[in-house]
Amino acid sequence: GAVVSQHPSWVICKSGTSVKIECRSLDFQATTMFWYRQFPKQSLMLMATSNEGSKATYEQGVEKDKFLINHASLTLSTLTVTSAHPEDSSFYICSASVTVRGNEQFFGPGTRLTVL
Amino acid sequence: GQSLEQPSEVTAVEGAIVQINCTYQTSGFYGLSWYQQHDGGAPTFLSYNALDGLEETGRFSSFLSRSDSYGYLLLQELQMKDSASYFCAVKPSYSGAGSYQLTFGKGTKLSVIP
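Residue numbers (the numbering used here), protein chains in the order written: chain A, 1 to 116; chain B, 117 to 230.
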């Protein structure tokens, strides 16, 4: 149980294009999902907290107009990187917490974005 | 704000025991978690302490002292597959609906050698 999937697992795009990343909880309902970004050999940095049916809460320094988050259902949250640039290249990871498992966060496999 | 300190690298021999320390300074605190991450993979949950003391899960144990703002992860009977990065993470705030935010340390890269 507590499986989180992400799609795609990797994507390469041209500068200026937009990329959508999906995060799904497969065997449970996730009221809250989290989006992280991780640069090589660095830690995970929380980008935003996504609550089903409401606007995401973004961390300081994260542009909400550039990183659009939609949490339309209890099993799906999407992150859209708009007008991507090379500096947006990173490993994007989502997670969901499971109340019955002590509120621990379970992570998706991540999406590696490369912007040319 | 939040800050967590843990060693950047640790090397240990297969079969040995290794301890990875974590000290933290946070505005709020609901618990300390440990995650393992292999290169190119996603973090996987290892252990969690909300109260002082030792939690044991198989070869892995985790300890917390809230008064000292300190915790550690203990790995016993090290195996080659334990080579990975290990992150401590605190829960500094409640996000609502039973969820808590996590703030991660910078990670400790563990190398297990034969």
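Beta carbons: idealized from backbone N, C-alpha and C, even for Gly.
query: Does chain B have any CB closer than 8 Å to the CB of GLY61/A?; result: no
query: So for LYS197/B, helix, strand or coil by DSSP?; result: helix
query: If you follow the beta strand (DSSP E) that PHE39/A is part of, which residue opens it and which one closes it?; result: Per DSSP, PHE39/A belongs to no beta strand (DSSP E) and is neither H nor E.
query: What is the residue span of the beta strand (DSSP E) that SER25/A lies within?; result: 19 to 25
query: Check this for me: beta carbons of SER97/A and TYR216/B, under 8 Å apart or not?; result: yes
query: Where does GLU63/A fall in DSSP's three states?; result: coil
query: Go through the region 126 to 154 of chain B residue by residue and report every complete run of the alpha helix (DSSP H) that reaches 4 residues or more, in order.; result: none
query: So which residues on chain B does PRO109/A lean against when the C-beta distance must stay under 9 Å?; result: GLY157, ALA158
query: By the 7 Å beta-carbon criterion, what residues does the region 179 to 209 of chain B contribute toward chain A?; result: PHE203
query: Could you tell me how far apart the beta carbons of SER124/B and LYS222/B are, in whole angstroms, since I believe they sit closer than 8 Å?; result: 7 Å
query: Below 8 Å on the Cβ atoms is my guess for GLU193/B versus GLY131/B; work out the distance and round it to an integer in Å.; result: 6 Å
query: Counting only beta-carbon atoms, is TYR216/B nearer than 8 Å to chain A?; result: yes
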